[in-house]
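The letter at position 474 of the sequence shown is residue 474 when you use full-length UniProt numbering, and the numbering goes up by one with no holes.
Where a beta carbon is used, it is the ideal one built from N, C-alpha and C, also for glycine.
Remember, predicted model here, so these are calculated numbers, not experimental data.
Presented below is the structure to which this report refers.
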Amino acid sequence: MTMEMKDSGSVVLTAYHPHSPARIAGVEQSFVQDPAPGHSPTSRKSLPRCRRINRMLSNESAPPSAFSRSNSQASMDSTSMEDFWCEVENIKESSEDGSEEATLLEFKPADEGELEAEWLQDVGLSTLISGAEEEDGQALLSTLTRTQAAAVQKRYNTYTQTLRKKNKHTVRDVRDIFGTSDSSLTFETVPVTPVPSNGIQLPGQKAVWKSVSSNSCLDCGLDKGSPSITEELSYEVSFSESITTLPKTQEWPKNQRFKKEDSTLPKFIVRKSRFGLTEVGDLSPEDMKKIRYLSLIELTAFYDALGVELKRNRAERVRGRENGLFGVPLTILLENDQKKVPGIKVPLIFQELLHKLEETGLETEGILRVPGSASRVKNLHQELEAKFYEDTFDWDQVRNNDAAGLLKMFIRELPSPLFTVEYLPAFITLVEKISKIKLQLQALHLLIMLLPEANRDTAKAFLQFLKKVVANEGKNKMNLWNVSMIVAPNLFIYKGKRANQQEMQAAATTAHIVRLLIRYQDILWTVPSFLISQVRKMNEAAMNNSKRQLMFDKGVRKLLRRKTMERERPERPEGAVTFPPYLQSDIPEGVIRVYAPLHSKVSMAIQLNSQTKVKDILARFHCENSRGSSQNLRGQIQSLHEIGGNIGQHCLDPDAYMLDVYRANPQAEWVIKPKAS
């Protein structure tokens with residue numbers, strides 16, 4: 001049973017599910033205004049109150065948590081979390097004075113088996129529930145690793161057992177799905193051999209190593225005198241398969257404490273294969289949908305391998321506005337904005353707030369931390385709603401701290417949290433139950449892959465801005481931990497019901513999550529190559545299934561026979577269709593034809609060798625077309641795209657070795673065009 005604090009405000013950390021927590025003594029009194037003696041004009045009026053809350057929620061005064069090995073239970077000193085609680089108090093005050101509208105999510109308890117049914121639908125395996133023989137579901141199942149298949153099997157077993165208990169309709173036996181003779185099949189733990197990201201073993205292939213710039217973007221937040229730990233990250237093998245090679249005797253350290261110094265965070269070296277790295281915007285929406293399916297399966301398998309429960313929330317209904325700026329669902333806001341600016345990926349109001357702060361506020365001392373005037377922010381909020389789309393709003397009147405307040409208000413007022421209600425518990429769990437930062441980062445990586453496109457693009461823009469704030473620490477006095485503490489309650493404390501003790505004790509946890517998001521964001525926006533490999537296999541399996549279906553279609557077979565007879569005629573009909581170059585047999589092995597429809601020279605045949613990189617092909621086209629290209633084209637960044645075959649569309653890394661990519665997808669077309677922003 002969850003106990004609630006009466007006067008703690010209307011906020012809650014919905015991402016955390018405590019088990020019968022005790023009430024915090026003295027919380028009601030802690031929210032009474034008590035100005036500090038000698039209060040300076042530059043100090044905030046709520047500072048003493050924040051200090052008492054922080055001391056009260058530290059391990060020195062709070063009862064021990066039910067999770068003894070939780071990182072969030074770390075005993076942080078009073079000043080280390082002071083900014084967090086002051087921000088919580090600012091949020092409470094802004095909601096009390098009516099400047100923010102209450103937007104509630106309605107939750108419905110899940111019946112037994114419903115969570116498993118929803119999980120199967122969310123991973124694209126609704127066919128297992130309906131019993132239909134759908135090609136997409138079969139293709140997905142055929143690409144799973146052992147740990148991923150075990151995760152699917154476990155959820156399907158639970159689902160079928162629940163249906164049998166309820167005497168529902170007949171369900172498919174798990175042995176029919178996985179082709180096993182034992183429904184209680186378990187997978188042995190064996191070492192995993194890395195495979196190339198295209199899923200094809202190529203002879204004489206060696207991986208290259210390259211450091212992703214996640215460390216350099218935050219060098220200003222590091223203590224230059226303290227050496228940073230360097231660790232390796234590999235995208236070639238699924239994270240869950242890598243976990244199975246760990247010693248079974250390994251246990252997580254108990255009572256581990258957070259170290260808020262930025263220098264304690266390790267530097268990660270990302271293993272970059274000959275296929276290069278792929279960012280989330282480099283794949284087609286259809287393939288990214290499959291990435292999301294596979295990411296949820298992989299995340300579940302990853303948590304299973306660690307012995308951690310993957311918790312989810314169920315949001316039944318969101319009550320939000322259908323027009324305006326604040327409190328509008330991201331998808332609706334983008335639909336409205338795209339009527340004005342086609343192809344936009346981040347809401348216009350969010351972009352304008354970021355632009356205002358990046359232009360004038362990055363060097364403002366205490367930016368994000370020092371609150372703006374509540375009355376001014378309220379008036380600006382109303383004025384923006386009335387004038388923004390009419391282009392009559394005067395941005396010069398907006399002070400930097402007020403703009404920061406509006407930015408945080410926009411995030412808080414989203415009807416559904418930026419990181420989604422469903423998976424907020426998983427964000428918390430990755431820190432509460434996983435001690436190694438490398439494993440935390442892998443779980444966080446998969447959670448980012450799970451985000452809907454609108455949420456992911458907006459989160460990316462926000463984190464890029466926060467990185468710039470930290471980069472200006474020397475002038476704005478906001479280091480990585482300061483920024484993380486201020487941002488955390490805006491992302492992870494959610495309106496809807498009152499907070500309890502253990503939910504509020506997750507303060508250090510949420511701040512640590514934001515710290516990881518900012519510090520390692522360059523890594524998090526990269527699609528793991530093992531997932532791309534599985535998408536390729538999934539597309540190939542779907543194509544093969546389609547071919548087999550066509551071959552057994554009598555009508556199609558008759559049509560093929562008639563076409564064959566027509567081809568045997570000596571004269572070719574006038575106006576016959578010419579096959580594209582990649583299907584013509586006269587092109588020798590290792591030669592590709594690259595198209596550049598926006599250039600003066602629209603195509604070129606290129607002989608590939610083992611050292612030819614994508615950037616070499618781009619340079620050759622640039623040289624050939626430097627004189628004939630238009631001025632507009634010269635200013636655009638051109639990229640080589642892999643289109644068709646076993647991928648929808650893939651913008652290639654300039655450092656990728658072209659012969660390897662060609663062998664992975666010989667049926668693709670190769671097109672040079674501007675990269676989507």
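N- and C-terminal bounds of the beta strand (DSSP E) containing residue i
i	result
Ile647	647-651
Pro674	669-674
Gln638	638-644
Contacting residues, own chain, Cβ-Cβ under 8 Å from residue i (five flanking each side not counted)
i	result
His230	According to the sequence provided, residue 230 is Thr. The question's His does not apply to it. The answer, listed in chain order, is Pro266, Lys267, Phe268, Ile269.
Phe621	Val594, Ala596, His599, Lys601, Met604, Gln638, Ile672
Lys615	Pro654, Asp655
Ile367	Leu357, Gly361, Asn400, Asn401, Ala404, Val469, Asn476, Met478
One or two residues paired with residue i in a DSSP bridge
i	result
Asn604	According to the sequence shown, residue 604 is Met rather than Asn. Met604 pairs with Val594.
Phe268	Glu231
Lys613	Tyr657
Inter-residue Cα distance where the pair is residue i and residue j
i	j	result
Ala507	Pro489	8 Å
Ser43	Leu516	Because Ser43 carries a pLDDT of 42, less than 50, the predicted location of this residue cannot be relied on, and the following value inherits that uncertainty. Looking at the two C-alpha atoms, the distance is approximately 29 Å.
Ile592	Leu233	33 Å
Leu407	Phe465	11 Å
Leu451	Tyr520	17 Å
Val88	Asn625	57 Å
Glu286	Leu480	36 Å
Glu116	Ile129	10 Å
Val421	Asp304	21 Å
Arg572	Tyr159	Note that Arg572 scores 42 on pLDDT, short of 50, meaning its location in the model is unreliable and no value can be drawn from it.
Leu463	Val487	10 Å
Glu352	Asn544	48 Å
Ile532	Ala619	26 Å
Glu114	Asp282	35 Å
Pro247	Arg312	For Pro247, the predicted model reports a pLDDT of 39, less than 50, meaning its position is unreliable; a value from the coordinates is still stated below. Straight-line Cα distance between these residues: approximately 29 Å.
Glu335	Phe427	28 Å
Residue i - DSSP class collapsed to helix/strand/coil
i	result
Val527	strand
Leu283	strand
Thr392	coil
Thr162	helix
Thr127	helix
Tyr657	strand
Lys467	helix
Thr429	helix
Thr278	strand
Tyr582	Only weak support is given to the placement of Tyr582: the predicted model assigns it a pLDDT of 45, under 50, and the value that follows is read from those uncertain coordinates. Three-state DSSP puts Tyr582 in a helix.
Val487	helix
His599	coil
Tyr662	helix
Ala506	coil
Pro21	In this prediction, Pro21 has a pLDDT of 34, which is less than 50 and means its spatial position is unreliable; what the coordinates show is noted afterwards. If DSSP states are grouped into helix, strand and coil, Pro21 belongs with coil.
Tyr520	coil
Ile344	coil
Phe419	coil
Asn472	coil
Arg515	helix
Val88	helix
Beta-carbon contacts of residue i that lie in its chain and below 7 Å, excluding the five residues immediately before and after
i	result
Trp525	Glu279, Val280, Lys460
Asp77	Residue confidence is low: Asp77 scores 44 on pLDDT, short of 50, so the model does not pin down where it sits. Its coordinate-derived value is still stated next. Same-chain partners within the cutoff: there are none.
Asp122	Leu296
Leu418	Ile411, Asn455, Thr458, Ala459, Leu491
Glu540	Asn646
Tyr662	Ile592, Leu608
Thr331	Ala454
Cβ-based neighbour list, residue i, same chain, cut-off 6 Å, excluding 5 preceding and 5 following
i	result
Ile448	Leu524
Lys675	Ile637, Ser639, Cys651
Gly644	Ala668, Glu669
Lys433	Val308
Arg277	Sequence inspection shows Leu at residue 277; the Arg mentioned does not correspond to that position. Correct list, in chain order: Thr526, Asp653.
Gly137	Leu125, Thr127
Val535	Asp287, Lys290
For residue i, the first and last residue of its enclosing alpha helix (DSSP H)
i	result
Met478	It is not in any alpha helix (DSSP H) - Met478 carries neither H nor E in the DSSP assignment.
Gly372	Taken as a continuous stretch (DSSP letters only), Gly372 belongs to no alpha helix (DSSP H), as it is neither H nor E.
Thr143	Counting along the chain, Thr143 falls outside any alpha helix (DSSP H), and DSSP gives it neither H nor E.
Phe350	348-360
Thr331	330-338
Arg412	400-412
Gln440	437-450
Leu120	114-122
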